[in-house]
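Each residue of the sequence shown is one higher than the one before, starting from 1 at the first, in full-length UniProt numbering.
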Amino acid sequence: MSDAGEGFEYFPYEELRPHQREFIDLVAEAVKNGENAIIEAPTGFGKTVSVLAGILPHAKEMGYKVLYLARTHRQMDRVIEELKAINRKSPVSGVELRSRKDLCLHTYLTQFTSDAYTAMVVCKNLKKLGKCEFYENEKKKKIEFDELVKFFLGEPSHPAEILNYAETLELCPYDLTRRVAEKADVIVASYLYLLSPSIRENFMSSLDVDYSDLIVVFDEAHNLPDQAISALSDRISIHTVNRAIKEADEYNEHEIANFLSIFGRGLEILYDEKLKDRDVQETPIQPELVFAHVVDILSLDTRRLVRILNDMVAVGDAIREDRIEKGKPPRSYIGRVGEFLLFWLSLIGREDYLFLMSRDKGLSLELVALDPSKALSFIKNVQSTVFMSGTLTPMEAFRDVMGIEKAKLKKFPRMVKRENAQVLVAKDVSTRGDERSLQVYRRMVEYIVDAVRLIPKNVGVFTASYEVLQGLLSANLQVRLEETGKAIFIEKQGASSAENDAMVASFKAHAKGNGAVLLGVMGGRNSEGQDYSGDEMNGVILVGIPYARPTPRVQAQIRYFERKFPGKGRYYGYYLPAHRKLVQAAGRVHRSAEEKGSIVVLDYRLLWNSIKKDLPDWMRESIRPVDRERMRLYLRRFWEAR
Numbered sequence: 001m002s003d004a005g006e007g008f009e010y011f012p013y014e015e016l017r018p019h020q021r022e023f024i025d026l027v028a029e030a031v032k033n034g035e036n037a038i039i040e041a042p043t044g045f046g047k048t049v050s051v052l053a054g055i056l057p058h059a060k061e062m063g064y065k066v067l068y069l070a071r072t073h074r075q076m077d078r079v080i081e082e083l084k085a086i087n088r089k090s091p092v093s094g095v096e097l098r099s100r101k102d103l104c105l106h107t108y109l110t111q112f113t114s115d116a117y118t119a120m121v122v123c124k125n126l127k128k129l130g131k132c133e134f135y136e137n138e139k140k141k142k143i144e145f146d147e148l149v150k151f152f153l154g155e156p157s158h159p160a161e162i163l164n165y166a167e168t169l170e171l172c173p174y175d176l177t178r179r180v181a182e183k184a185d186v187i188v189a190s191y192l193y194l195l196s197p198s199i200r201e202n203f204m205s206s207l208d209v210d211y212s213d214l215i216v217v218f219d220e221a222h223n224l225p226d227q228a229i230s231a232l233s234d235r236i237s238i239h240t241v242n243r244a245i246k247e248a249d250e251y252n253e254h255e256i257a258n259f260l261s262i263f264g265r266g267l268e269i270l271y272d273e274k275l276k277d278r279d280v281q282e283t284p285i286q287p288e289l290v291f292a293h294v295v296d297i298l299s300l301d302t303r304r305l306v307r308i309l310n311d312m313v314a315v316g317d318a319i320r321e322d323r324i325e326k327g328k329p330p331r332s333y334i335g336r337v338g339e340f341l342l343f344w345l346s347l348i349g350r351e352d353y354l355f356l357m358s359r360d361k362g363l364s365l366e367l368v369a370l371d372p373s374k375a376l377s378f379i380k381n382v383q384s385t386v387f388m389s390g391t392l393t394p395m396e397a398f399r400d401v402m403g404i405e406k407a408k409l410k411k412f413p414r415m416v417k418r419e420n421a422q423v424l425v426a427k428d429v430s431t432r433g434d435e436r437s438l439q440v441y442r443r444m445v446e447y448i449v450d451a452v453r454l455i456p457k458n459v460g461v462f463t464a465s466y467e468v469l470q471g472l473l474s475a476n477l478q479v480r481l482e483e484t485g486k487a488i489f490i491e492k493q494g495a496s497s498a499e500n501d502a503m504v505a506s507f508k509a510h511a512k513g514n515g516a517v518l519l520g521v522m523g524g525r526n527s528e529g530q531d532y533s534g535d536e537m538n539g540v541i542l543v544g545i546p547y548a549r550p551t552p553r554v555q556a557q558i559r560y561f562e563r564k565f566p567g568k569g570r571y572y573g574y575y576l577p578a579h580r581k582l583v584q585a586a587g588r589v590h591r592s593a594e595e596k597g598s599i600v601v602l603d604y605r606l607l608w609n610s611i612k613k614d615l616p617d618w619m620r621e622s623i624r625p626v627d628r629e630r631m632r633l634y635l636r637r638f639w640e641a642r
């Protein structure tokens with residue numbers, strides 16, 4: 001430990017943890033020189049406060065705005081906590097942006113909107129029509145509104161705090177947050193604010209700043225490739241097309257109804273040809289084929305096709321306005337189809353997109369982005385960007401995949417003490433496709449039950465996929481775990497953030513009693529980004545390696561990367577993402593150097609050198625091959641000293 005003294009005016013604690021001074025200096029230098037930094041630092045290092053302490057002196061002096069981006073609300077809240085601590089030592093302002101749905105008091109918007117785009121359209125129309133009392137109050141109560149902005153600029157605040165004040169004065173919490181953000185030193189937000197092109201455009205214009213005014217931080221940056229691809233991709237179903245036809249009839253838009261009916265019939269013909277009698281869920285298609293039937297029947301050239309699609313977008317906007325006036329849900333299927341098909345048309349000829357037809361929940365068209373670096377095209381214009389995570393090894397691969405130039409790369413050593421880490425790898429089980437069977441799942445269940453009995457208090461069991469989790473449950477995992485006397489919690493696909501947070505809070509609470517078991521998947525929200533301290537997770541059991549199924553989209557990703565990075569396509573597009581998810585899940589057991597934790601991996605492939613090289617040093621050095629008997633022996637010895 002070393003004293004946080006002179007030169008560290010934005011570091012709020014009395015002592016620095018090992019290597020924090022070096023981290024802060026590295027960030028400070030990168031920011032001053034207009035460079036990017038890619039930093040791997042272990043769990044418990046104190047990355048959030050360190051990166052803020054490195055950035056703020058130069059940002060405050062030169063008037064840069066810091067945009068701190070994270071994946072989950074929990075991670076964003078943590079940044080506000082650190083800003084509150086900093087503010088007690090040196091003045092700093094900060095605000096956390098949430099969606100309109102999270103920061104709106106208008107019952108119409110909260111009741112009828114589910115996505116950010118619709119919420120934005122509804123908000124704009126409610127204001128335009130004079131139907132938002134909270135917006136109207138901004139003018140009537142301008143003095144109170146301005147006083148609140150000033151108040152929140154003096155103290156970094158959580159969204160709930162702003163919401164409470166705004167509700168008391170009947171003002172718009174979303175507008176209040178935006179006004180604070182315009183002047184705040186630090187804005188904390190979701191990745192989507194910069195990764196999604198449409199959201200980014202609106203966001204930057206609302207702040208009235210140039211990219212060159214920004215210093216950007218991407219926290220938990222190992223998530224970026226997947227999040228970027230998701231933000232750049234889109235999907236539409238035949239159900240939406242059919243509803244758009246009904247909507248067109250309802251609003252007497254006969255030309256659009258005719259176009260969509262012929263278009264929908266063309267999709268059904270294409271489906272019969274490409275998917276109907278084949279044992280696959282999805283197939284790549286030539287993008288022009290989607291329009292072939294409607295173009296042929298209506299004798300359309302490209303100009304007329306684009307005119308019809310633009311008309312659909314305009315009609316969609318008018319329908320949304322009409323539905324808002326009538327107090328109905330503000331959707332327009334016509335507008336949605338028009339926007340999607342214009343996007344589809346604009347991408348024809350692009351190698352960085354895959355055009356898919358799938359049968360998932362009915363016939364669908366999908367635009368799948370293949371190049372995550374396209375979502376970061378803006379960073380060449382910002383002052384500096386810092387990418388940080390506990391899982392970026394090998395950092396050169398991350399730099400290549402995300403297209404980051406002028407970057408300093410730094411990996412900080414582990415904090416986990418050797419005697420506090422235990423990594424046991426089963427020699428006789430695996431989730432390789434050809435080895436999966438009820439017999440193998442039953443053997444894995446025996447491993448899991450033994451480990452749960454011997455690891456004190458709370459244990460996480462994270463599987464390679466929901467399919468593997470289901471395989472374990474079909475082998476009586478839940479029944480067998482009940483014999484241990486520990487409570488059982490199972491992650492649900494599709495659960496809301498609030499539902500999941502409540503489940504995790506209940507799981508953690510059992511650490512004070514007999515303990516509990518949390519069943520989930522690697523790459524899920526409970527195996528990444530969640531903090532489990534003390535007895536809240538003394539061990540994790542990792543079942544398999546989370547390799548993606550070899551679907552057309554995965555194969556297209558590999559081919560694209562192979563063209564872009566010859567000889568590395570399969571590694572960048574298939575192996576490395578899975579290894580990072582496994583390491584993230586393993587990292588849940590150590591939140592500090594002093595915490596003990598057992599990691600049991602039920603897949604012998606982790607003993608292969610080609611996989612071990614992607615693991616952090618502390619895992620590689622601690623690995624021991626085991627069978628069930630050896631595992632029980634090592635676990636007993638490890639926890640006897642507790």
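Ideal placement from N, C-alpha and C gives every residue a C-beta, glycine not left out. Nothing here was measured: the structure is a model prediction, and the numbers come from that model.
Around the beta carbon of residue 246, fewer than 16 other beta carbons lie within 10 angstroms, which makes this residue exposed. Annotated three-state conformation of residue 108 is helix, per DSSP. Between the C-alpha atoms of residue 387 and residue 47 there is a straight-line separation of about 11 Å. Looking at the DSSP output, residue 439 bridges to nothing. One alpha carbon belongs to residue 523, the other to residue 219, and they sit about 16 Å apart. Per DSSP, the beta bridge partners of residue 624 are 424.
Apart from the 5 residues on each side of it in sequence, residue 634 sits with its Cβ closer than 8 Å to the Cβ of 422, 424, 624 and 626 in its chain, given in chain order.
Remark: C-beta atoms of residue 49 and residue 13 approach each other more closely than 9 Å. Judged by DSSP secondary structure, residue 245 falls within the alpha helix (DSSP H) whose first and last residues are 238-250.
For residue 412, same chain residues with a beta-carbon under 6 Å away, outside a window of 5 residues either side, are 19 and 41 in chain order.
Inter-segment contact for the region 316-335 and the region 101-115 is present: three or more beta-carbon pairs are separated by less than 8 Å. Under the three-state reduction of DSSP output, residue 52 falls in the helix class. With a beta-carbon spacing of about 7 Å, residue 426 and residue 601 fall inside the 8 Å limit used to define contacts. When DSSP reads this structure, residue 410 sits in a beta bridge with 39. Inclusion of residue 226 and residue 372 in the CB contact set at 9 Å is warranted, their separation being smaller than that value.
Of 466, 335, 167 and 504, the smallest CA-CA separation from residue 144 is found for 167. With respect to the C-alpha of residue 351, the residue from 22, 104, 556 and 102 having the closest C-alpha is 556. When the five nearest sequence neighbours on each side are left out, no beta carbon in the same chain lies closer than 6 Å to the beta carbon of residue 377.
The beta carbon of residue 444 sits closer than 7 Å to those of 429, 472, 543 and 602, all from its chain and outside the five residues before and after it, given in chain order. Rounded to whole angstroms, the gap between the alpha carbons of residue 102 and residue 495 is 17 Å. Residue 456 places its beta carbon less than 9 Å from that of residue 639. Distance from residue 188 to residue 97 at the Cβ level is roughly 7 Å; contact confirmed, criterion being Cβ atoms closer than 8 Å. The alpha-carbon separation between residue 179 and residue 437 amounts to approximately 58 Å. Here residue 550 is exposed, its C-beta having fewer than 16 other C-beta atoms within 10 Å.
In this structure residue 173 is buried. Its beta-carbon is surrounded by 16 or more other beta-carbon atoms within 10 angstroms. According to DSSP, residue pairing for residue 353 in a beta bridge involves 369. Straight-line measurement puts the Cα of residue 440 at about 16 Å from the Cα of residue 480. Of 347, 410, 316 and 240, the smallest CA-CA separation from residue 25 is found for 410. When C-beta atoms of the region 338-353 are compared with those of the region 279-289, three or more pairs fall below 8 Å, so the two segments count as touching.
Taking the C-beta atoms as reference points, residue 64 is found nearer than 9 Å to residue 213. DSSP places residue 10 in no alpha helix (DSSP H); its state is neither H nor E. Put simply, the region 150-166 touches the region 73-84. At least three CB pairs are less than 8 Å apart. Less than 9 Å separates the beta-carbon of residue 55 from that of residue 28.
Rounded to the nearest angstrom, the Cβ distance from residue 584 to residue 527 is 6 Å, consistent with a contact under 8 Å. In this structure, 52 is the residue among 52, 582, 232 and 636 with its C-alpha nearest to the C-alpha of residue 87. By DSSP's assignment, residue 597 forms a beta bridge with 421.
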